[in-house]
Amino acid sequence: MLQNRRRSFQLPGRIRIVNKYVTNRLLRVFVNLSLGPFAFLRHVGRRSGKPYETVIWVWLLGEGFVIALTYGTKVDWYYNMMAAGGGEVLWHKKVYGVGKPEPIDPETALPAFPVLFRPLFRRAGMQFVWMKFIQRVV
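The letter at position 137 of the sequence shown is residue 124 when you use this note's numbering, and the numbering goes up by one with no holes.
See the structure below:
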(Lines of atoms letter the chains of each structure in order from A and count residues from 1; the text may use other names and numbers.)
(Lines give C-alpha, C1' and ligand atoms only; values in the text may rest on other atoms or scores of the structure.)
Protein backbone atom coordinates (compact mmCIF):
# COMPACT_ATOMS: atom_id res chain seq x y z
CA MET A 1 0.00 0.00 0.00
CA LEU A 2 1.42 3.36 -0.98
CA GLN A 3 1.57 6.06 1.61
CA ASN A 4 0.27 9.49 0.78
CA ARG A 5 3.59 11.20 1.62
CA ARG A 6 4.40 14.66 0.39
CA ARG A 7 7.96 14.95 -0.81
CA SER A 8 9.77 18.20 -0.42
CA PHE A 9 10.86 20.04 -3.53
CA GLN A 10 14.52 20.01 -4.57
CA LEU A 11 16.07 21.14 -7.82
CA PRO A 12 17.90 18.39 -9.74
CA GLY A 13 21.64 17.98 -9.11
CA ARG A 14 22.61 18.98 -12.66
CA ILE A 15 20.89 22.34 -12.28
CA ARG A 16 22.74 22.86 -8.99
CA ILE A 17 26.09 22.34 -10.72
CA VAL A 18 25.24 24.75 -13.56
CA ASN A 19 24.06 27.33 -11.03
CA LYS A 20 27.18 26.88 -8.91
CA TYR A 21 29.62 27.52 -11.76
CA VAL A 22 27.66 29.74 -14.17
CA THR A 23 24.47 31.33 -12.85
CA ASN A 24 25.83 32.27 -9.42
CA ARG A 25 28.77 34.10 -10.99
CA LEU A 26 26.35 36.19 -13.02
CA LEU A 27 24.10 36.84 -10.01
CA ARG A 28 27.02 38.34 -8.05
CA VAL A 29 26.24 41.59 -9.90
CA PHE A 30 22.81 41.77 -8.23
CA VAL A 31 24.33 41.24 -4.78
CA ASN A 32 26.75 44.10 -5.37
CA LEU A 33 23.91 46.34 -6.62
CA SER A 34 21.81 45.56 -3.52
CA LEU A 35 18.81 44.46 -5.59
CA GLY A 36 16.07 42.26 -4.19
CA PRO A 37 16.74 39.18 -2.09
CA PHE A 38 20.22 38.48 -3.48
CA ALA A 39 22.91 38.06 -0.84
CA PHE A 40 26.31 36.50 -0.27
CA LEU A 41 26.48 33.81 2.37
CA ARG A 42 30.03 33.77 3.71
CA HIS A 43 31.06 30.48 5.25
CA VAL A 44 34.20 28.48 5.96
CA GLY A 45 34.88 25.02 4.49
CA ARG A 46 34.41 22.40 7.19
CA ARG A 47 37.37 20.34 5.96
CA SER A 48 39.55 22.84 4.08
CA GLY A 49 39.09 25.90 6.29
CA LYS A 50 38.85 27.90 3.05
CA PRO A 51 36.47 30.92 3.00
CA TYR A 52 33.57 30.77 0.53
CA GLU A 53 30.89 33.15 -0.73
CA THR A 54 27.69 31.60 -2.02
CA VAL A 55 24.95 33.59 -3.74
CA ILE A 56 21.60 32.95 -2.05
CA TRP A 57 18.19 34.58 -1.75
CA VAL A 58 17.31 35.77 1.75
CA TRP A 59 14.22 37.41 3.19
CA LEU A 60 13.95 39.21 6.52
CA LEU A 61 11.94 37.47 9.21
CA GLY A 62 12.02 38.88 12.69
CA GLU A 63 15.59 39.04 13.98
CA GLY A 64 17.07 37.01 11.14
CA PHE A 65 16.84 35.76 7.58
CA VAL A 66 14.70 32.99 6.14
CA ILE A 67 15.96 30.90 3.20
CA ALA A 68 14.06 28.47 0.98
CA LEU A 69 16.12 25.30 0.59
CA THR A 70 15.70 24.86 -3.16
CA TYR A 71 18.40 22.16 -3.15
CA GLY A 72 17.53 20.71 0.23
CA THR A 73 20.05 20.40 3.04
CA LYS A 74 22.60 18.38 1.07
CA VAL A 75 24.66 21.36 -0.08
CA ASP A 76 28.10 22.51 1.00
CA TRP A 77 27.05 25.88 2.41
CA TYR A 78 24.53 24.20 4.72
CA TYR A 79 27.03 21.63 5.99
CA ASN A 80 29.67 24.35 6.46
CA MET A 81 27.32 26.64 8.38
CA MET A 82 26.22 23.78 10.63
CA ALA A 83 29.82 22.75 11.34
CA ALA A 84 30.97 26.31 12.09
CA GLY A 85 27.83 27.31 14.01
CA GLY A 86 27.14 30.19 11.64
CA GLY A 87 28.73 32.65 9.25
CA GLU A 88 27.98 36.00 7.64
CA VAL A 89 25.39 37.34 5.23
CA LEU A 90 26.18 40.35 3.03
CA TRP A 91 22.81 41.82 2.08
CA HIS A 92 22.10 45.31 0.75
CA LYS A 93 25.69 46.39 1.46
CA LYS A 94 25.47 45.40 5.14
CA VAL A 95 27.19 42.44 6.76
CA TYR A 96 25.28 40.42 9.35
CA GLY A 97 26.72 37.75 11.60
CA VAL A 98 24.26 34.85 11.65
CA GLY A 99 23.91 31.64 13.60
CA LYS A 100 23.60 28.18 12.14
CA PRO A 101 20.56 27.41 9.98
CA GLU A 102 17.55 26.31 12.03
CA PRO A 103 14.62 24.47 10.43
CA ILE A 104 11.46 26.57 10.38
CA ASP A 105 7.94 25.44 9.53
CA PRO A 106 6.36 26.72 6.31
CA GLU A 107 3.53 28.56 8.06
CA THR A 108 6.07 30.68 9.92
CA ALA A 109 8.42 31.13 6.95
CA LEU A 110 5.99 31.87 4.10
CA PRO A 111 4.82 35.34 5.25
CA ALA A 112 8.40 36.59 4.71
CA PHE A 113 8.23 35.76 0.99
CA PRO A 114 6.60 37.75 -1.82
CA VAL A 115 2.94 36.83 -2.35
CA LEU A 116 3.63 35.16 -5.72
CA PHE A 117 6.15 32.73 -4.20
CA ARG A 118 3.97 31.54 -1.33
CA PRO A 119 1.56 29.22 -3.21
CA LEU A 120 4.41 27.80 -5.29
CA PHE A 121 6.52 27.01 -2.24
CA ARG A 122 3.50 25.63 -0.36
CA ARG A 123 2.53 23.28 -3.23
CA ALA A 124 6.12 22.17 -3.71
CA GLY A 125 6.51 21.27 -0.04
CA MET A 126 9.57 23.54 0.19
CA GLN A 127 11.80 23.30 3.26
CA PHE A 128 13.00 26.47 4.99
CA VAL A 129 15.69 27.53 7.44
CA TRP A 130 16.03 30.61 9.57
CA MET A 131 19.35 32.15 10.57
CA LYS A 132 19.24 34.44 13.58
CA PHE A 133 21.24 37.67 13.61
CA ILE A 134 24.17 37.35 15.99
CA GLN A 135 25.63 40.75 15.23
CA ARG A 136 25.68 43.36 12.55
CA VAL A 137 29.34 43.61 11.53
CA VAL A 138 29.26 46.61 9.18
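Backbone N, C-alpha and C define an ideal beta-carbon position, used for all residues, glycine too.
Residue(s) in a DSSP beta bridge with residue i
i: residue 82; result: 77
i: residue 51; result: 119
i: residue 90; result: 116
i: residue 28; result: 41 and 76
Expected contact under 8 Å - CB spacing of residue i and residue j to nearest Å
i: residue 24; j: residue 31; result: Actually they do not touch by this definition, with Cβ atoms about 23 Å apart.
Limits of the alpha helix (DSSP H) - the one that residue i falls within
i: residue 94; result: 93 to 96
i: residue 107; result: 104 to 111
i: residue 126; result: Any answer about residue 126 is impossible in this case: the structure gives the chain only from -12 up to 125.
Where the beta strand (DSSP E) through residue i begins and ends
i: residue 39; result: 38 to 44
Cβ-based burial, residue i [other Cβ within 10 Å; buried from 16]
i: residue 75; result: buried
i: residue 49; result: exposed
i: residue 77; result: buried
i: residue 106; result: exposed
i: residue 36; result: exposed
i: residue 42; result: buried
i: residue 56; result: buried
i: residue 85; result: buried
i: residue 112; result: exposed
i: residue 72; result: exposed
i: residue 96; result: buried
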